[in-house]
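Residue numbers (the numbering used here): 7 to 331. Quick reminder that beta carbons are idealized off the backbone N, C-alpha and C, glycines included.
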């Protein structure tokens, strides 16, 4: 995205210096490998954007941006182990390329590195940043546990699912923005508001991911459409469909995502997507995405930043909500 272009080169250079050329190689190479896989880098760039919005420089926020990105990738490394995932961003996961023990240890080291990247800040700022990161870290763990629990739960409400993705995904978006605001010495009120903006943005972002996995364009999405369906994942589409389904539709949907039927992959994806449409879950998910995007807009309007800066955040929000990948 054009908004992020100003940050890409400097952030990439800082990230490479932060991780590379260290020993033992079997500890650090997996970190480099995962971080080199790229991704959207939304969280660190949000951190840098927030700092600039409060008249700080990206250089001053770079340590915080590195912390957010390294922490995020630590969670991915451990998530892949728990999910027994073979691929991450189209390439082998760390535990597949090396082994599980290496991935666990490298992930642990990444968590520590996330804190180390904050060590050069003045004491007051350091304390605020580490307190926020620790709060976020435990919330992400809570969200992951809820996600695991929901896989075997017979009923999960919309409220429970939203709370799960708030913890698992959105709090780190809020954390990234608030970290940038802290380094920019924003007021306590603005720190809270930009965090809340991030929460609503993060929820909408994850709901959009759920939606695109089923109804995105495979050519632009970057992976096979229906991956969540094939893995029997119970996303917001599933929970809304169950809520709206008649008994026959509900029983069929449960059967399809139980893994107990003998359909081809394409047949299973087609059948589940048909139910998502027929029950109204597809449109309900789109409305829910718009709702949280609107809540993010309300928070954005409260910020004590220039209209030009608000326009940049608004452009980012609209891009995230209209993306196809």
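Find out if the Cβ-Cβ distance for the pair residue i, residue j is shorter than 8 Å.
i: residue 112; j: residue 36; result: yes
i: residue 189; j: residue 70; result: yes
i: residue 57; j: residue 204; result: no
i: residue 294; j: residue 213; result: yes
i: residue 86; j: residue 95; result: no
i: residue 226; j: residue 317; result: no
i: residue 74; j: residue 178; result: yes
i: residue 401; j: residue 72; result: The displayed coordinates of the chain run from 7 to 331. Any statement about residue 401 would go beyond what the structure contains.
i: residue 222; j: residue 275; result: no
i: residue 124; j: residue 135; result: yes
i: residue 49; j: residue 17; result: no
i: residue 108; j: residue 202; result: no
i: residue 261; j: residue 278; result: no
i: residue 265; j: residue 238; result: yes
i: residue 20; j: residue 88; result: no
i: residue 211; j: residue 322; result: no
i: residue 302; j: residue 218; result: no
i: residue 38; j: residue 29; result: no
i: residue 182; j: residue 52; result: yes
i: residue 192; j: residue 319; result: no
i: residue 76; j: residue 119; result: yes
i: residue 168; j: residue 110; result: no
Give the DSSP bridge partners of residue i, in chain order.
i: residue 37; result: DSSP, once it has assigned bridges, lists no residue as partnering residue 37.
i: residue 98; result: 93
Applying the 10 Å Cβ sphere with the 16-neighbour rule, what's the burial state of residue i?
i: residue 99; result: buried
i: residue 216; result: buried
i: residue 90; result: exposed
i: residue 244; result: buried
i: residue 160; result: exposed
i: residue 196; result: buried
i: residue 78; result: buried
i: residue 328; result: exposed
i: residue 137; result: exposed
i: residue 184; result: buried
i: residue 230; result: exposed
i: residue 80; result: buried
i: residue 64; result: buried
i: residue 165; result: exposed
i: residue 171; result: buried
i: residue 163; result: exposed
i: residue 305; result: buried
i: residue 280; result: exposed
i: residue 199; result: buried
i: residue 106; result: exposed
i: residue 220; result: buried
i: residue 126; result: exposed
i: residue 158; result: exposed
i: residue 175; result: buried
i: residue 300; result: exposed
i: residue 241; result: buried
- Task: Quick one: which unbroken alpha helix (DSSP H) runs of 4-plus residues sit fully inside the stretch 117 to 153? Chain order, please.
- Result: none
- Query: Do the stretch 10 to 18 and the stretch 130 to 148 make contact, defined as three or more Cβ pairs closer than 8 Å?
  - Reply: no
- Query: Mind pulling the alpha helix (DSSP H) runs of 4 or more residues that sit fully within the stretch 268 to 304?
  - Reply: 271 to 284
- Query: Any contact of the stretch 249 to 256 with the stretch 271 to 286, i.e. 3+ C-beta pairs under 8 Å?
  - Reply: yes
- Message: Whether or not the stretch 261 to 274 and the stretch 306 to 321 are in contact is what I'm after, with contact meaning three or more pairs of Cβ atoms, one per stretch, closer than 8 Å; do they touch?
- Response: no
- Runs of alpha helix (DSSP H) lying entirely within the stretch 221 to 256, each at least 4 residues, in chain order: 224 to 227, 233 to 236, 242 to 250
- Query: Do three or more CB pairs link the stretch 152 to 171 to the stretch 41 to 54 at distances below 8 Å?
  - Reply: no
- Query: Along the chain, which unbroken stretches of the alpha helix (DSSP H) at least 4 residues long are found entirely within the stretch 165 to 213?
  - Reply: 177 to 189
- Item | Those runs of the alpha helix (DSSP H) which lie wholly inside the stretch 64 to 90 and span at least 4 residues | 64 to 89
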